[in-house]
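Undergrad: Have a look at the structure that comes next, please.
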Amino acid sequence: MIKYIFFFFFLIISFQVLSQNISGYVLDSESGEPLIGATVYKNNSEGTTANKYGYFSIGAGNADSVFVSYVGYQEYAFTCHDCSDSVLFIKMKSYNELDEVTVTSRSIQNELRSPSMGINRMTARQIEQMPMVLGESDVLKSVQMLPGVNNGSEGTAGISVRGGSPDQTLILLDDVPVYNVNHMFGYFSVFNSDAISSVNLVKGAIPSRYGGRLTSVLDLTSRDGNYRKLKSSLSMGTMALKATVEGPIIKEKASFMLSVRKTWPDIPLRAYYYFAESDYTTTYGFYDVNAKVNYRVSKKDRIFLSFYKGDDAFKDRVDESYEEYKYDNTFSWGNNTASLRWNHVFTNKLFANFTSYYSLYKYKKRNYMVSTGSSSEKEKSLEEHSSSLTDIALKADFDYMPGGINKVKFGAKLSRKAFLPVEESYVNNESARRILSDVSGNITSADIYIEDEISIAHNLNANVGLRTSVLFSGFDKNVYWQPRVSLAWKLARDVSVKAGYSRMAQFVHQLTNSGLSMPNDLWVTSNNVINPSYSDLYSAGVYYNHNDLFQVSAEAYYSKLSNVICYYPGTDFTKLDDGRNWYDIVLQGKGEAYGAEFMLEKNKGRFTGFVNYTWSRSLRSYPELYGGTFSPYDYDIPHKISASVNYNFKYNGEAKFKKSISANFNFSSGRLLSVATAKFPAIFHPSVSDENNWHSDDVYYTPKVNNYRMDNFHRLDIAFNLEATGNIKSSWTFGVYNIYNKFNATHFGFRNNKMYEVAIFPVMPIITWKYKLK
Amino acid sequence: MQKKVLVVLVIPLILFLISCEREFEFDTTGRGNPVVLNGILEAGSLPATVFLYHSQEMGDTSNISPIEGATMWLETAEDKYTFEYTDSGRYICNIAPQSGKTYRVKALVGGDTVWAETTIPSDTGLGCVTLDTLEIRPWCYYKMDINDEKEVDNKYWFWVYELNYKWDYRVDSLIDESDVEARLATMYSKTPYADRFLSYYDPNTLSGYTVNYDYFLRVPDDGFDGERVIVDVYHPNLSSGNNGMFFMAAFDKHYDKYMKSYLTYDDYLGRMDELTIYYQPSFVYSNVHNGTGIFGSMAVKDTIISDNPLFQNYQYD
Numbered sequence: 000m001i002k003y004i005f006f007f008f009f010l011i012i013s014f015q016v017l018s019q020n021i022s023g024y025v026l027d028s029e030s031g032e033p034l035i036g037a038t039v040y041k042n043n044s045e046g047t048t049a050n051k052y053g054y055f056s057i058g059a060g061n062a063d064s065v066f067v068s069y070v071g072y073q074e075y076a077f078t079c080h081d082c083s084d085s086v087l088f089i090k091m092k093s094y095n096e097l098d099e100v101t102v103t104s105r106s107i108q109n110e111l112r113s114p115s116m117g118i119n120r121m122t123a124r125q126i127e128q129m130p131m132v133l134g135e136s137d138v139l140k141s142v143q144m145l146p147g148v149n150n151g152s153e154g155t156a157g158i159s160v161r162g163g164s165p166d167q168t169l170i171l172l173d174d175v176p177v178y179n180v181n182h183m184f185g186y187f188s189v190f191n192s193d194a195i196s197s198v199n200l201v202k203g204a205i206p207s208r209y210g211g212r213l214t215s216v217l218d219l220t221s222r223d224g225n226y227r228k229l230k231s232s233l234s235m236g237t238m239a240l241k242a243t244v245e246g247p248i249i250k251e252k253a254s255f256m257l258s259v260r261k262t263w264p265d266i267p268l269r270a271y272y273y274f275a276e277s278d279y280t281t282t283y284g285f286y287d288v289n290a291k292v293n294y295r296v297s298k299k300d301r302i303f304l305s306f307y308k309g310d311d312a313f314k315d316r317v318d319e320s321y322e323e324y325k326y327d328n329t330f331s332w333g334n335n336t337a338s339l340r341w342n343h344v345f346t347n348k349l350f351a352n353f354t355s356y357y358s359l360y361k362y363k364k365r366n367y368m369v370s371t372g373s374s375s376e377k378e379k380s381l382e383e384h385s386s387s388l389t390d391i392a393l394k395a396d397f398d399y400m401p402g403g404i405n406k407v408k409f410g411a412k413l414s415r416k417a418f419l420p421v422e423e424s425y426v427n428n429e430s431a432r433r434i435l436s437d438v439s440g441n442i443t444s445a446d447i448y449i450e451d452e453i454s455i456a457h458n459l460n461a462n463v464g465l466r467t468s469v470l471f472s473g474f475d476k477n478v479y480w481q482p483r484v485s486l487a488w489k490l491a492r493d494v495s496v497k498a499g500y501s502r503m504a505q506f507v508h509q510l511t512n513s514g515l516s517m518p519n520d521l522w523v524t525s526n527n528v529i530n531p532s533y534s535d536l537y538s539a540g541v542y543y544n545h546n547d548l549f550q551v552s553a554e555a556y557y558s559k560l561s562n563v564i565c566y567y568p569g570t571d572f573t574k575l576d577d578g579r580n581w582y583d584i585v586l587q588g589k590g591e592a593y594g595a596e597f598m599l600e601k602n603k604g605r606f607t608g609f610v611n612y613t614w615s616r617s618l619r620s621y622p623e624l625y626g627g628t629f630s631p632y633d634y635d636i637p638h639k640i641s642a643s644v645n646y647n648f649k650y651n652g653e654a655k656f657k658k659s660i661s662a663n664f665n666f667s668s669g670r671l672l673s674v675a676t677a678k679f680p681a682i683f684h685p686s687v688s689d690e691n692n693w694h695s696d697d698v699y700y701t702p703k704v705n706n707y708r709m710d711n712f713h714r715l716d717i718a719f720n721l722e723a724t725g726n727i728k729s730s731w732t733f734g735v736y737n738i739y740n741k742f743n744a745t746h747f748g749f750r751n752n753k754m755y756e757v758a759i760f761p762v763m764p765i766i767t768w769k770y771k772l773k
Numbered sequence: 000m001q002k003k004v005l006v007v008l009v010i011p012l013i014l015f016l017i018s019c020e021r022e023f024e025f026d027t028t029g030r031g032n033p034v035v036l037n038g039i040l041e042a043g044s045l046p047a048t049v050f051l052y053h054s055q056e057m058g059d060t061s062n063i064s065p066i067e068g069a070t071m072w073l074e075t076a077e078d079k080y081t082f083e084y085t086d087s088g089r090y091i092c093n094i095a096p097q098s099g100k101t102y103r104v105k106a107l108v109g110g111d112t113v114w115a116e117t118t119i120p121s122d123t124g125l126g127c128v129t130l131d132t133l134e135i136r137p138w139c140y141y142k143m144d145i146n147d148e149k150e151v152d153n154k155y156w157f158w159v160y161e162l163n164y165k166w167d168y169r170v171d172s173l174i175d176e177s178d179v180e181a182r183l184a185t186m187y188s189k190t191p192y193a194d195r196f197l198s199y200y201d202p203n204t205l206s207g208y209t210v211n212y213d214y215f216l217r218v219p220d221d222g223f224d225g226e227r228v229i230v231d232v233y234h235p236n237l238s239s240g241n242n243g244m245f246f247m248a249a250f251d252k253h254y255d256k257y258m259k260s261y262l263t264y265d266d267y268l269g270r271m272d273e274l275t276i277y278y279q280p281s282f283v284y285s286n287v288h289n290g291t292g293i294f295g296s297m298a299v300k301d302t303i304i305s306d307n308p309l310f311q312n313y314q315y316d
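Order-wise, the sequence lines are chains B and D. Here the first sequence is numbered in numbering that gives the first Met the number 0, starting from 0 and rising by one per residue. Here the second sequence is numbered in numbering that gives the first Met the number 0, starting from 0 and rising by one per residue.
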């Protein structure tokens, strides 16, 4: 079948190869960084958008007028003369001095026409302006404000999109999957907002170029760094210090960006322990480093080298003389990622990106003990427990823009994942190091995809695609076909309707059972026992633009999930201490999610922001639980309202500060819990009874999974921002988190036959200082 | 240890972030106090026994309230048998269930019919138990023989009682030389077919017996079909005296699911005391309609291996 599909695409495209195109990059005039998603169009016809490298290609010939627009930038226009053979570099000026964020009519029209749906974009500036817990702006917590996105518990950074579990969202940083997105149990995400240039959430019709997860994709792009000037910034929040340096290596040709973040409260704490000569020391801290180097080898070739490293570490040391033992326990986890990308413009119709990447997630628990007494032979022992996932891949992505009615993307990927869900080892004086348990697995997968954005008629566009994934596990080979289609029909100048269908497959899963994002939630892979998961996503929406001032959208969706996994009730990661295979304690079932999302946005003027409402349901069914009937899933949040607004005060050009005020409001239905409502005696077979010293506890009767919903969650945060306008570019943020001190439980416990709930974010001040060096 | 580290790690963090905590109680009134029907039928064993109770509110510390005098009967495709009430919620029916037959129990309680059904498994697959020795004498282990039926979905369960004289610890002597007690014993096995849902890794045992099963060993026939399989079992406490009562059983699908879920649940409740912040529900399987509990069945064989005539004649109630 596949050869017919490729032949079909080839036939369509081959009719258009003779048309003329112009191509190039859209860049920020000040920094030289690409403007992702800029709209490029000619005369009054429809246009195209710059890809994630800022590259565009549009069918245009000599004397055609070409316009380029981007949110917050002045529109750029030029007339093409003999530019069809060259690669253009279009440098756009920002509207900074006008104090207003603007959005052009053309980019709105392009969005209405595009068959892409369920896509939300956020810029670094939007993320920075949102008031966040502990004053730390955070990419994932900002994404949680979008419609259809929920978090696990308050303050945490994990995301559930359209009722899926967090592992069902593919999170990419510079095209590299990131497997652990949390610092500090999820209260911070691993993404430093200073290092991120754009965030794209795709949750409706997912194009063929994305694959590997069931419900959504969060695509983050890091900043290239300034190609013209050396710049740096320093900021300090309640928990972390951030420092960023960027600048040219070769002016206009090569740049670098280095951004480092580190918790600071652990530094004075360590000093205190040192000077107090304390027998006990307990410290916690995290850091992360983002680095990127870019080189424009020629007009047609660019190379990017990206690197990320982040670690959390909890250390607990005891050195008591009277105990005659010294203990040194460490619990650490983190990600390392690296990618090398090469952009090449083959012709002005064919753009290619080749990527090789490496992604590692690991956690390790290490308990070391040594005797400190006078005995000649020191007693020592070392126990280690670790888990890791390594992902290595090669991929090639092509954008082919023949210039007519088609925009084609195609590519291939080969990936090797090595899993070590649980490894335990032990060594002491008497024995050499022994591996107590070692449960490992490897999978290789290959993907090819093709998609074509076709302009069927002036007001009707479609994106049709197919992704094929092949999973090699041992000697078995399984092929998964994933068709994708979406349609956009522009009913009037400012109204369009869209619909889409996507089939997705997922070979890796995260096993978790706590509301917190624990570093030792296990990443596991499909194998001969656990089948790959797959989903069918259906969505439809209507979009309306009112005078380019307000954009309104309503989307409905239905998702059907198969082979989703969960822990067998009553088991968790701690049950793997004894060396069993993880698949001994999991169940596979099916899921369903459906809902509707409504969004009102204003991106023009001093007052900007959005408000959205989501109605949604998410259900799961496991044959071993309640006869396989559907029950609400942990992320079943029927009602959610989010609002984020920002007001920029008028700046007269003389005041020492630019001022703005921003506020966030969140409301969502309470979280679900499974609660026992009755109890009764257990029964055993006739040959086992109490008399035989075998316990027979009561059975607590829980009529359904997730049968109790906690209090609704709601919270209002306000922040006031001051940005100095003089030579010293410092800025301050003052605000209040949870201004009316709502008790929003983050997690629950069970003690002495009673439930209790804990809220760790009452009303709190927000203070952040940022200093930019010129 | 991992749990400890996590607790130590999470608690200071929570305190640091100015934690607030409050207890709350659920109003369970009207949330459902179902009728409980519990009964396990044994192939060829008289009588068929079923218990009927009212379930209790969570905070209720009084004794369980049995349902007396309900109308209850057992149906097969051909026949219908009536239960008689005895005491403490116990209903008996004087039939010996037959392997391969499906039995449906029905009880009329307060106008509702509470019902469930089970198909009695066959004991064809249950072979014999033999004693063997390990390389390191005098340690012994036992071989349990399964002759699996082809194309039948079987769930085998094994457990063993350690037989001892009853001991009076107050006076540190035997109570009576003829008085024997049976205690469930832990067991180790190397079999690749066992479900390791309640097993522990113990690297310090003999001759590679590193997987310790918590009283029950479950062997589903997922890895074999119609073959003869030997399950080896090592009991550290039985090796010297060789006084053991071995049970081999085949459970029907409902009883199998119930036992697996109950044992996991019981283990989980024990761990909840250690790790309270990870509250997570656990469920016990039920196949009872319009109520809860379990109605399942099994075929069972027991074998006593002992040098002592007193133990050889031991009769289990």
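Backbone N, C-alpha and C fix where the C-beta goes; we use that ideal spot for every residue, glycine too. Keep in mind it's a predicted model, so treat the numbers as computed, not measured.
(1) Roughly how many angstroms lie between the CA atoms of B:GLU29 and B:SER93, to the nearest whole one?
(2) Could one say the Cβ of D:GLN97 lies closer than 8 angstroms to chain B's Cβ atoms, at least one of them?
(3) Counting only C-beta atoms, is D:ASP152 closer than 8 angstroms to chain B at any point?
(4) Taking only the alpha-carbon atoms, compute the straight-line gap between B:SER454 and B:SER331 and give it to the nearest angstrom.
(5) In this structure, how does DSSP classify D:THR275 when only helix, strand and coil are distinguished?
(6) Does the region 609-616 of chain B come within contact of the region 585-597 of chain B, defined as at least 3 CB pairs closer than 8 angstroms?
(7) I'd like to know whether the C-beta of B:PHE55 is nearer than 8 angstroms to at least one C-beta of chain D.
(8) Here's the rule I'm using: 16 or more other beta-carbon atoms within 10 Å means buried, otherwise exposed. How should B:TRP581 be labelled?
(9) Counting only the same chain and skipping the five closest in sequence on each side, list residues whose C-beta sits under 6 angstroms from that of B:GLY60.
(10) Using the three-state DSSP reduction, which class does D:ARG195 fall into: helix, strand or coil?
(11) Give the residues of chain D in contact with B:ASP583, contact being defined as C-beta atoms less than 8 angstroms apart.
(12) Nearest CA to the CA of B:TYR707: which residue from B:MET91, B:HIS457, B:VAL698, B:PRO631?
(13) Applying the 10 Å Cβ sphere with the 16-neighbour rule, what's the burial state of B:ARG222?
(14) Give the range of the beta strand (DSSP E) segment to which B:LEU715 is assigned.
(15) What separation, rounded to the nearest whole angstrom, lies between the Cα atoms of B:ARG212 and B:THR511?
(16) In its own chain, which residues sit with a C-beta less than 8 angstroms from the C-beta of B:LEU97, not counting the 5 before and 5 after it?
(17) Is the region 205-215 of chain D close to the region 119-127 of chain D, with three or more CB pairs under 8 angstroms?
(18) Is B:TRP136 buried or exposed, if buried means 16 or more other CB atoms sit within 10 Å of its CB?
(19) Evaluate B:TYR52 with the Cβ neighbour count: other Cβ atoms within 10 Å of its Cβ, from every protein chain shown; 16 or more gives buried, anything less gives exposed.
(20) Can you pull out the residues from the region 118-130 of chain D whose beta carbon lies closer than 9 angstroms to at least one beta carbon of chain B?
(21) DSSP three-state call for B:ASP547: helix, strand or coil?
(22) To the nearest angstrom, report how far apart B:GLY540 and B:LEU145 are at their CA atoms.
(23) Considering only C-alpha positions, which residue in the set B:SER468, B:GLU450, B:ILE766 is nearest to B:SER115?
(24) Decide yes or no for the touch test of the region 285-298 of chain B against the region 246-261 of chain B: beta carbon pairs closer than 8 angstroms, at least 3 of them.
(25) Under 8 angstroms, Cβ to Cβ, is there at least one residue of chain B near D:PRO33?
(26) Does the CB of B:PRO568 have a neighbour CB from chain D at under 8 angstroms?
(27) For B:THR524, count neighbouring C-beta atoms within 10 Å of its own C-beta (all shown protein chains included) and say buried if the count is 16 or more, exposed if not.
(28) How should D:VAL269 be labelled, buried or exposed, when 16 other C-beta atoms within 10 angstroms of its C-beta is the threshold for buried?
(29) How long is the line joining the alpha carbons of D:GLU74 and D:TYR254, rounded to whole angstroms?
(30) Check each candidate in B:GLY58, B:ILE57, B:ALA37 and name the one with the smallest Cα separation from B:ASN50.
(31) Can you have a look at B:GLN550 and say buried or exposed, based on whether 16 or more other CB atoms are within 10 angstroms of its CB?
TA: Considering the structure as presented:
(1) Within the first sequence, the letter at position 30 stands for residue 29 of chain B. Within the first sequence, the letter at position 94 stands for residue 93 of chain B. Between B:GLU29 and B:SER93, the C-alpha separation is close to 8 angstroms.
(2) For this step, residue 97 of chain D is matched to residue 98 along the second sequence. False, the Cβ-Cβ gap to chain B never drops below 8 angstroms.
(3) As a first step, residue 152 of chain D must be located in the second sequence, where it is residue number 153. Taking Cβ atoms only, chain B never reaches closer than 8 angstroms to D:ASP152, which makes this a no.
(4) Translated into the one-based positions of the first sequence, residue 454 of chain B becomes position 455. Translated into the one-based positions of the first sequence, residue 331 of chain B becomes position 332. For B:SER454 and B:SER331, the distance between alpha carbons rounds to 52 angstroms.
(5) What you label residue 275 of chain D is simply residue 276 of the second sequence in a count that begins at 1. Residue placement at D:THR275 cannot be trusted, given a pLDDT of 42 that sits under 50; what the coordinates show is reported in the next sentence. Note: D:THR275 maps to coil in three-state DSSP.
(6) yes
(7) Translated into positions along the first sequence, residue 55 of chain B becomes position 56. Chain D contact via Cβ: absent.
(8) Stepping through the first sequence from its first residue, residue 581 of chain B is reached at position 582. With 16 or more other Cβ atoms within 10 Å, it is buried.
(9) Residue mapping note: residue 60 of chain B aligns to position 61 of the first sequence, counting from 1. The residues are GLN19.
(10) The residue given as residue 195 of chain D occupies position 196 in the second sequence. Coil.
(11) Indexing the first sequence from 1 puts residue 583 of chain B at position 584. In chain order: ASP194, ARG195, PHE196.
(12) Taking the first sequence and counting its residues from 1, the one referred to as residue 707 of chain B is at position 708. Of the candidates B:MET91, B:HIS457, B:VAL698, B:PRO631, the one whose C-alpha sits nearest the C-alpha of B:TYR707 is B:PRO631.
(13) Counted from its first residue, the first sequence places residue 222 of chain B at position 223. When all chains shown are included, B:ARG222 counts as buried.
(14) Position 716 of the first sequence, counted from the start, is the residue given in the question as residue 715 of chain B. Its beta strand (DSSP E) spans residues 712-723.
(15) Here residue 212 of chain B is taken as the residue at index 213 of the first sequence, counted from 1. Here residue 511 of chain B is taken as the residue at index 512 of the first sequence, counted from 1. Roughly 16 angstroms between the two C-alpha positions.
(16) On the first sequence, residue 97 of chain B is found 98 positions in, with the first residue counted as 1. In this predicted model, B:LEU97 has a pLDDT of only 45, less than 50, meaning its place in the structure is not dependable; the value taken from the coordinates is given anyway. Once the five neighbours on either side are set aside, B:LEU97 has no close Cβ partner at all.
(17) no
(18) Here residue 136 of chain B refers to the residue found at position 137 when the first sequence is read from its first residue. Looking at the sequence provided, one finds Ser at residue 136 of chain B rather than Trp. With 16 or more other Cβ atoms within 10 Å, it is buried.
(19) To locate residue 52 of chain B, count along the first sequence from 1; it is residue 53. So B:TYR52 counts as buried.
(20) none
(21) Here residue 547 of chain B is taken as the residue at index 548 of the first sequence, counted from 1. Note: B:ASP547 maps to coil in three-state DSSP.
(22) Mapped onto the first sequence, residue 540 of chain B falls at position 541. Mapped onto the first sequence, residue 145 of chain B falls at position 146. Cα to Cα, B:GLY540 sits roughly 16 angstroms from B:LEU145.
(23) Against the first sequence, residue 115 of chain B aligns to sequence position 116. Nearest C-alpha to B:SER115: B:GLU450.
(24) yes
(25) As a working mapping, residue 33 of chain D is identified with position 34 in the second sequence. Chain B, which has a Cβ nearer than 8 angstroms to the Cβ of D:PRO33, makes this yes.
(26) Here residue 568 of chain B is taken as the residue at index 569 of the first sequence, counted from 1. Yes, B:PRO568 counts as interfacial toward chain D.
(27) Counting from one through the first sequence, the residue named residue 524 of chain B turns up at place 525. Classification of B:THR524: buried, given that the 10 Å Cβ count is 16 or more.
(28) By 1-based counting over the second sequence, the position of residue 269 of chain D is 270. In the sequence as displayed, the identity of residue 269 of chain D is Gly instead of Val. D:GLY269 should be labelled exposed.
(29) Position 75 of the second sequence, counted from the start, is the residue given in the question as residue 74 of chain D. Position 255 of the second sequence, counted from the start, is the residue given in the question as residue 254 of chain D. Cα to Cα, the separation comes out at about 19 angstroms.
(30) On the first sequence, position 51 is the one that residue 50 of chain B refers to. Nearest option by C-alpha distance: B:ALA37.
(31) As a first step, residue 550 of chain B must be located in the first sequence, where it is residue number 551. Result: buried.
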